[in-house]
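J.: Residue numbers (my numbering): 116 to 805. Idealized CB from N, CA, C, for every residue including glycine. What you are looking at is a predicted structure, and each value in this text was computed from that prediction instead of being measured.
#1: Are the beta-carbon atoms of residue 282 and residue 308 separated by less than 8 Å?
#2: Considering only their Cβ atoms, is the gap separating residue 634 from residue 703 smaller than 8 Å?
#3: For residue 656, which beta-bridge partners are listed by DSSP?
#4: According to the Cβ coordinates, are residue 406 and residue 461 closer than 8 Å?
#5: Would residue 807 be called buried (16 or more neighbouring beta carbons within 10 Å of its own) or exposed?
#6: Measure the CB-CB distance between residue 583 and residue 762 and report whether it falls below 8 Å.
#7: Give me the residue from 267, 248, 294 with the minimum Cα distance to residue 826.
#8: Closest to residue 649 by C-alpha separation, out of 577, 707, 312, 393, would be which residue?
#9: Pairing CB atoms from the region 189-204 with CB atoms from the region 231-242, are three or more of them under 8 Å?
#10: So what's residue 802 in DSSP terms, helix, strand or just coil?
#11: Would you call the region 262-279 in contact with the region 181-191, where contact means no fewer than 3 C-beta pairs closer than 8 Å?
#12: Please list, in chain order, all residues of the same chain as residue 427 whose beta carbon is under 7 Å from its beta carbon, the five residues on each side excluded.
#13: List the endpoints of the continuous beta strand (DSSP E) containing residue 403.
#14: Where DSSP assigns a beta bridge to residue 239, which residues make up the other side?
#15: Give the secondary structure of residue 716 by DSSP, where H, G and I count as helix, E and B as strand, and everything else as coil.
#16: Can you grab the Cα-Cα spacing for the pair residue 450 / residue 479, in whole Å?
#17: Just grab the DSSP bridge partners of residue 582 for me.
#18: Mapping DSSP to helix, strand and coil, what is residue 602?
#19: Excluding the 5 residues flanking residue 581 on each side, which residues of the same chain have their C-beta closer than 6 Å to its C-beta?
#20: Looking only at DSSP bridge pairs, what is residue 130 linked to?
#21: Taking the beta carbon of residue 690 as the centre, do at least 16 other beta carbons fall within 10 Å, making it buried, or is it exposed?
#22: Taking Cβ to Cβ, would you say residue 613 is nearer than 8 Å to residue 677?
#23: Helix, strand or coil, according to DSSP, for residue 352 in the structure here?
#24: So what does DSSP say about residue 738, is it helix, strand or coil?
#25: Three or more C-beta pairs closer than 8 Å, one from the region 348-360 and one from the region 561-568: is that the case here?
#26: Among 390, 165, 169, 125, which has the Cα closest to the Cα of residue 152?
#27: How long is the line joining the alpha carbons of residue 790 and residue 799, rounded to whole angstroms?
#28: Say whether the region 583-597 touches the region 389-400, bearing in mind that this needs 3 or more beta-carbon pairs closer than 8 Å, one atom from each stretch.
#29: Rank 615, 681, 712, 576 by C-alpha distance to the C-alpha of residue 642 and give the top, closest one.
#30: Under 8 Å, do residue 362 and residue 180 count as touching if we go by C-beta distance?
#31: If I measure Cβ to Cβ from residue 118 and keep anything under 7 Å in the same chain, skipping five residues before and after, which residues do I get?
#32: Per DSSP, residue 496 forms a beta bridge with which residues?
#33: Where residue 439 and residue 795 are concerned, what is the direct C-alpha to C-alpha distance, given to the nearest angstrom?
#34: Rounded to the nearest angstrom, what separates residue 501 and residue 129 at their Cα positions?
#35: Is the beta carbon of residue 160 less than 8 Å from the beta carbon of residue 200?
#36: Could you check the C-alpha separation between residue 546 and residue 413 for me, to the nearest Å?
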């Protein structure tokens, strides 16, 4: 059992990567996704990768990990299950009231998203816990049984339980869970004290309702895939990615699907961080452009930035996750013309079915079609010949857009690329400029099937000087599954002063969380030598309504350690907001512990340099439309599998490989490093603007 497999399901393609632990060989395969049943593409992709790896069998697989968007898609499309809410009496409408903010400040017609649980399925029970955890009114169990009877009659499949201050006193929720198990056997029950034991009742309620809404969908999907893989001979426990970049077993993930909202893109960031740190580029901005969307994230010092929540379609979700921003700009994103005659791109996508027009089934112009028309993409085939390209269909689709905007076909295709580049640049500014980071200080790391194709133009748009393209960019998220650890997050809200006299109180809370983490390590059978605990705290000045997360050192907390935490908070507050207040009292709000279990990983291989001459990698040339050079220009085509460390290529040039295509614009210089990454120096970067 020496074969490790990672599978990432995207909107257009399903990527499969196999890593042979003995030889160090990496095998990559892409198959068309099957949106109606993602498991079909997964099983087919695994079959093909085993064949490609030398007719191996499933019994030889020592590790299997999967990144999925099943839960996210259910949320975005509104295809979850019939969900109810049980809450403290008097708080029935909290899910609908929210924070009282309009989605768009100046749009008087903007509507808030409809709650996942309609009002007739939001029921109240008698109980009350005070802000200090003291029980003021005991739980009325007859209320709970009466509510369960109503929900049974209304054919509810999932129930979210969220009581006021249950993060301080979870016993009432635990008892409601026991009663629902008796009264509603088979229903999916989600307790906020388990899903999110933190304060801010609206965000906690929204998160647990979201967890319940998609819970049965994700649980059924993972259980079905687990059975399929077992039937194919998989003997090991399959794992799935969480939004925090770590992995957990399928069965554990079925209870917390809300922690898988960013399951797909998170491991791509983790893998890119590892690859780039080994290559001497610890500060990077990742750019994952697939068929439907682009995901961007910032990595500093080799560590991805993390956050405690996000909004998905207007609904807050609180869960530890990598700080990833998504925009509807992918290879399949469709071009269209608005009522004012302006060219737009996305967020609608051709997806896997029918796909871009050049794939032979779609009719609308996509970003991929624009690249085919300009011959940036091979106008005959992709995936080393496994995907035939219909250039005529792509041209016809773009011509229909050109007729509406009054431009030539090539000009329109180039316009499509400019619009989508602007969309992607805007997304990167959200996670960089708007948070106090200058993108010019970072290396751009593109991956996904379409990332390297647009990286050079995107870097110019942002004023970035260096682009690093990993060896298998088209399947980077799948490879990242083989480069990440087992992770779990534990948190507790306990609002209290933070000063040098509070070390003992802080240590007691961290001891509770560490005990939970150790129990999780035991359940996962992680050897003691492979266990790591990482502590953090969310702090704020008294009176503020937002927190800043800072690391907390290992070991016993004493006055010196607390002073170090306070200094770190002041420095981060200064960086983010331009000031800090040494005289202001500080509160600790939420304690966090992340358990990390190290597992064997695929490591980037090193090779000896072979000199600067890259002529052996030239596979021919073709006319590529480059407005910088006045139109169609002969451009050399390089095969990436023939490039060797030390080789240098000067743009304009195109580098083709099975899973992606890289475009070098005039003046760009590419060098292959010792890990087989393509490191591109961008010519004449322009100043970035906010």
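T.: The relevant details are as follows:
#1: yes
#2: no
#3: DSSP lists 701 as partners of residue 656.
#4: Taking 8 Å as the cut-off, the beta carbon of residue 406 is found no closer than this to the beta carbon of residue 461.
#5: No information on residue 807 is available, as it lies outside the stretch 116 to 805 that the chain covers here.
#6: No.
#7: No answer is possible for residue 826: the residues shown for the chain start at 116 and end at 805.
#8: 707
#9: yes
#10: In this predicted model, residue 802 has a pLDDT of only 46, less than 50, meaning its place in the structure is not dependable; the value taken from the coordinates is given anyway. Residue 802 falls in the coil class under three-state DSSP.
#11: Result no; under three Cβ-Cβ pairs closer than 8 Å.
#12: 190, 376
#13: For residue 403, the uninterrupted beta strand (DSSP E) segment begins and ends at 399-404.
#14: 202
#15: Coil, per DSSP.
#16: 8 Å
#17: 559, 795
#18: strand
#19: 558
#20: 123, 145
#21: With fewer than 16 Cβ atoms within 10 Å of its Cβ, residue 690 is classed as exposed.
#22: yes
#23: coil
#24: Looking at residue 738 - three-state DSSP - the assignment turns out to be strand.
#25: no
#26: 125
#27: 26 Å
#28: yes
#29: 712
#30: yes
#31: 133, 135, 168, 171, 175, 176, 177
#32: 503
#33: 24 Å
#34: For residue 501 and residue 129, the distance between alpha carbons rounds to 14 Å.
#35: no
#36: 7 Å
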